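Enquirer: Shown below is the structure under consideration.
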């Protein structure tokens, strides 16, 4: 799966320093399980030598794809010597505040998540993720196949600001180093989605 030609409209590098510096020495991967057969998903995790899957779905279940339900996925990963951790605090599907300052996002779902990113709960979830990622090769997982249509892109923005290298796994032959999303700006060392 290649990045579409119009991806430049979706993402672009806002600050080369924030995207390419990566002083922390930590790398975190992202993946969307989508409709992949579980064997293909496991193959990708093995290809990238992933040791821990961090589930960032707010509601970690799937009626259509039960192999990706929290309980079944945890069992399957354990059988393949991969750790599983659900961090609900990083989950998406957040409502935008009526007084949202994150107006650079036109999409209300992304604006809602941007509002939520200022919460103590999000900060705690991010701390959990970073603790895991400093001790094991870690991937954050959601359902959406492509990162630019998922809140993983916004988690990745925040991690880039913290000098974490983020690699989006598209398939066995394609990966993308995270470029900051186009609404993202770095002001005084902090991520913001406000209009300039």
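Numbering (UniProt numbering), first residue to last: 1 to 196.
Positions of the beta carbon are idealized from the N, C-alpha and C atoms, including for glycine.
A quick note: this is a predicted structure, and the numbers were derived from the prediction, not measured.
#1: Applying the 10 Å Cβ sphere with the 16-neighbour rule, what's the burial state of residue 138?
#2: Could you name the residues that DSSP lists as bridge partners for residue 139?
#3: Let me know the beta strand (DSSP E) ranges lying completely inside the segment 130-175, each 3 residues or longer, listed in chain order.
#4: So, do the segment 98-107 and the segment 187-194 have three or more beta carbon pairs nearer to each other than 8 Å?
#5: Grouping DSSP H, G and I as helix and E and B as strand, with all else coil, what is residue 196?
#6: Taking the straight line between their C-alpha atoms, what separation do you get for residue 143 and residue 55?
#7: Of the choices 133, 168, 184, 171, whose alpha-carbon is the least far from that of residue 158?
#8: Which of the three DSSP states, helix, strand or coil, is assigned to residue 83?
#9: Roughly how many angstroms lie between the CA atoms of residue 149 and residue 50, to the nearest whole one?
#10: Mind checking which residues open and close the beta strand (DSSP E) that includes residue 111?
#11: Mind checking residue 161: buried by the 16 CB within 10 Å criterion, or exposed?
#12: What do you reckon, are the CB atoms on residue 168 and residue 30 nearer than 8 Å?
#13: Around the C-beta of residue 28, are 16 or more other C-beta atoms found within 10 angstroms, so that it is buried, or is it exposed?
#14: Which same chain residues, not among the five before or five after residue 197, have their C-beta less than 8 Å away from its C-beta?
#15: Using C-beta distances below 7 Å, list every residue in its chain close to residue 58, excluding the 5 sequence neighbours before and after it, in chain order.
#16: What three-state label does DSSP hand residue 198 in the structure shown?
#17: Roughly how many whole angstroms lie between the Cα atoms of residue 178 and residue 69?
#18: Grab the span of the beta strand (DSSP E) containing residue 185 for me, first residue to last.
#19: Between the beta-carbon of residue 203 and the beta-carbon of residue 140, is there less than 8 Å?
Expert: The structure says:
#1: buried
#2: 29, 53
#3: 138-142, 165-171
#4: yes
#5: coil
#6: 9 Å
#7: 184
#8: strand
#9: 23 Å
#10: Careful: residue 111 lies outside any beta strand (DSSP E), inside the alpha helix (DSSP H) at 108-116.
#11: buried
#12: yes
#13: buried
#14: A question about residue 197 goes unanswered here, because the residues of the chain that appear run from 1 up to 196.
#15: 88, 91, 92, 93
#16: There is simply no residue 198 to check, as the chain begins at 1 and stops at 196 in what is shown.
#17: 27 Å
#18: 185-187
#19: No answer is possible for residue 203: the residues shown for the chain start at 1 and end at 196.
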